[in-house]
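Notes follow once the structure below has been shown.
2 protein chains.
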Amino acid sequence: MGPDPRPEVSLGRRSPMATTRIVVADRNVITRVGIRSILERNAGIAVVAEATTYDAVIDAVDEHGPDIMIIDLDLGDDTTRGLTICEEIADRYPATKILVLANTLSELIVVEALRRGANGYLCKNDLKSDELINGVKAIQDGDTVLGRGVGSLVAKGLGSTRDKAERLTDRELDVIRAISRGLSNKQIAHEMFISESTVKFHIQNASKKLNSHRRAELVHRASAAGLIN
Amino acid sequence: MGPDPRPEVSLGRRSPMATTRIVVADRNVITRVGIRSILERNAGIAVVAEATTYDAVIDAVDEHGPDIMIIDLDLGDDTTRGLTICEEIADRYPATKILVLANTLSELIVVEALRRGANGYLCKNDLKSDELINGVKAIQDGDTVLGRGVGSLVAKGLGSTRDKAERLTDRELDVIRAISRGLSNKQIAHEMFISESTVKFHIQNASKKLNSHRRAELVHRASAAGLIN
DNA sequence: TTATTCCCTACCCAAATGGCTAGGTTGCCA
DNA sequence: TGGCAACCTAGCCATTTGGGTAGGGAATAA
Numbered sequence: 124m125g126p127d128p129r130p131e132v133s134l135g136r137r138s139p140m141a142t143t144r145i146v147v148a149d150r151n152v153i154t155r156v157g158i159r160s161i162l163e164r165n166a167g168i169a170v171v172a173e174a175t176t177y178d179a180v181i182d183a184v185d186e187h188g189p190d191i192m193i194i195d196l197d198l199g200d201d202t203t204r205g206l207t208i209c210e211e212i213a214d215r216y217p218a219t220k221i222l223v224l225a226n227t228l229s230e231l232i233v234v235e236a237l238r239r240g241a242n243g244y245l246c247k248n249d250l251k252s253d254e255l256i257n258g259v260k261a262i263q264d265g266d267t268v269l270g271r272g273v274g275s276l277v278a279k280g281l282g283s284t285r286d287k288a289e290r291l292t293d294r295e296l297d298v299i300r301a302i303s304r305g306l307s308n309k310q311i312a313h314e315m316f317i318s319e320s321t322v323k324f325h326i327q328n329a330s331k332k333l334n335s336h337r338r339a340e341l342v343h344r345a346s347a348a349g350l351i352n
Numbered sequence: 124m125g126p127d128p129r130p131e132v133s134l135g136r137r138s139p140m141a142t143t144r145i146v147v148a149d150r151n152v153i154t155r156v157g158i159r160s161i162l163e164r165n166a167g168i169a170v171v172a173e174a175t176t177y178d179a180v181i182d183a184v185d186e187h188g189p190d191i192m193i194i195d196l197d198l199g200d201d202t203t204r205g206l207t208i209c210e211e212i213a214d215r216y217p218a219t220k221i222l223v224l225a226n227t228l229s230e231l232i233v234v235e236a237l238r239r240g241a242n243g244y245l246c247k248n249d250l251k252s253d254e255l256i257n258g259v260k261a262i263q264d265g266d267t268v269l270g271r272g273v274g275s276l277v278a279k280g281l282g283s284t285r286d287k288a289e290r291l292t293d294r295e296l297d298v299i300r301a302i303s304r305g306l307s308n309k310q311i312a313h314e315m316f317i318s319e320s321t322v323k324f325h326i327q328n329a330s331k332k333l334n335s336h337r338r339a340e341l342v343h344r345a346s347a348a349g350l351i352n
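First to last, the protein sequences are chains F and X.
All letters in the first sequence, in the order written, are residues 124 to 352 by the numbering used here.
All letters in the second sequence, in the order written, are residues 124 to 352 by the numbering used here.
Given below as structure tokens:
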């Protein structure tokens, strides 16, 4: 993994050498082709690899050491895996910028992604072509890019003294997923080999974190946040 | 416009007149560009218009009278609107085939879409380029196309004597949405100006339709089916 | 007309939930 | 060593819920 010696080029006017090399990770072909088409209409941007799985992203970045990785965090059934990938890439390849391209706008995911090294967060919905292109350019220039709606969401999240968007623990997620399947606390306790009290304990904690007072609301918020399949 | 004297060329086996004209409706640019790119790699297929809103679809079909309309039912906050559009197009333009390209696989939506005149239902996730192309060709040839997983889902739905996937009524949806916000039956009753009994009545009915036994599960299923925002 | 669908209401009772206090054990990091 | 986070458990009690039964009315389609 040789960190290829990149020449000092001025980014104002792009010389042919200044090609921004991009890896696109999305499980959806249509989206991958779409991103590629939009970006490559632009001289100076090249999509050098596509990935559809969590493992493939790592491989692709290992192989190409791109300038930017564009990733949809939801590459499998475990969204949190996408977050750890951000962390890993940001850690091992500081030169590779990360642009998260999400389907849904979730405060939880946004702040987590940024905290773990993402340089931008755009929402596919309502995204315009030039917003994508400009976003890529801005990130390449070292900016942090937050799409429409995302910025205010983060500001709101950061503004509140108490950080509501704490992350849920594994057990809490397990319990929420069980609830979403319609199980009662007793059933969940049995299934997870813990007492009913513990189930209630996890629910209470998760509820505080997601600011809900009813399990149905809890499920809905977790679902909207993309935390459960 | 002079009728440009096109020489008789043989493009594979397709004559130039056999171009399949397509309207693509999706709120997401990336997806629209992706679909266009994939399809237009193929001689004989042309995307003649794109639409991003429910109204724009109608206009586009009115204007172009395409062979196929490819549509993501979720073009706004009201998914059911997408279904009525299928109905309207199928009714007014019987020659225009409808291919639904959905994000999520929902039994409810699938059967409704087919019932209202859709000729195909593909799921963006896991869809391969050639599946899209072949699907378009098959539909053009008059076939009905159901993507992987979709077919068995429909078969299952049709196989069961009692049609579980009944559609929810407006009130039922209202109640479910309220539940997802964490309201109690009493609060919902107050908000909707009905009695608590009625709230429970709607919940019971919706639960039977969606085959749930707990309101949390109800919310999750409705959410997964794309019935609530 | 009759049937159907949607909407509304009431009553019952067992079970589940929410909200709380008050502990315990690990294991990890400073 | 102490603090902290995640995990586990117990008990209490008011409220909510699920799941029935048993009716109404209105509008619409057959």
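Don't be surprised by glycine CBs; every beta carbon is placed ideally from N, CA and C.
- With the criterion set as a beta carbon lying under 7 Å from some beta carbon of chain F, the members of the region 332-350 of chain X are 335, 336, 337, 338, 339, 340, 342, 343, 346, in sequence order.
- The straight-line gap separating the alpha-carbon atoms of residue 313 of chain F and residue 308 of chain X is approximately 28 Å.
- Within a 10 Å sphere around the beta-carbon of residue 325 of chain X sit 16 or more other beta-carbons, which makes this residue buried.
- One Cα belongs to residue 293 of chain X, the other to residue 234 of chain F, and the distance between them is close to 36 Å.
- With its beta carbon less than 8 Å from one in chain X, residue 250 of chain F belongs to the interface.
- Comparing C-alpha distances from residue 178 of chain F to each of F/207, F/161, F/168, F/170 shows the shortest one belongs to F/207.
- Non-local beta-carbon contacts of residue 252 of chain X in its own chain, meaning distances under 7 Å to residues more than five positions away in sequence, involve 161 in chain order.
- Taking all protein chains shown into account, residue 183 of chain X has 16 or more neighbouring C-beta atoms within 10 Å of its C-beta and is therefore buried.
- The beta carbon of residue 210 of chain F sits closer than 8 Å to those of 239, 240, all from its chain and outside the five residues before and after it, given in chain order.
- Here residue 172 of chain F has 146, 183, 187 as same chain residues with Cβ atoms under 6 Å from its own Cβ, once five neighbours each way along the sequence are excluded.
- When secondary structure is reduced to three states using DSSP, residue 161 of chain X falls in the helix class.
- Per DSSP, the beta bridge partners of residue 243 of chain X are X/222, X/268.
- A check of alpha carbon separations from residue 274 of chain F across F/296, F/290, F/237 identifies F/237 as the nearest.
- Taking the CA atoms as reference points, residue 349 of chain F sits about 8 Å from residue 227 of chain F.
- Residue pairing for residue 143 of chain F: DSSP places it in a beta bridge opposite F/168.
- In summary, residue 215 of chain F is exposed, with fewer than 16 beta-carbon neighbours lying within 10 Å of its beta-carbon over all protein chains present.
- Going by C-alpha positions, residue 247 of chain F is about 15 Å away from residue 248 of chain X.
- Assigned with DSSP and collapsed to three states, residue 348 of chain X falls in coil, not helix or strand.
- Counting only Cβ-Cβ distances below 7 Å, residue 303 of chain X has contacts in chain F at 339, 340, 343, in chain order.
- If you draw a straight line from the Cα of residue 185 of chain F to the Cα of residue 157 of chain X, it comes to about 26 Å.
- Any Cβ of chain F closer than 8 Å to the Cβ of residue 165 of chain X would place that residue at the interface, and such an atom is absent.
- The distance from the Cβ of residue 170 of chain X to that of residue 159 of chain X is about 5 Å, consistent with a contact at the 8 Å cut-off.
- Using a CB distance cut-off of 8 Å, residue 229 of chain F does not count as an interface residue toward chain X.
- Per DSSP, reduced to three states, the secondary structure at residue 302 of chain X is helical.
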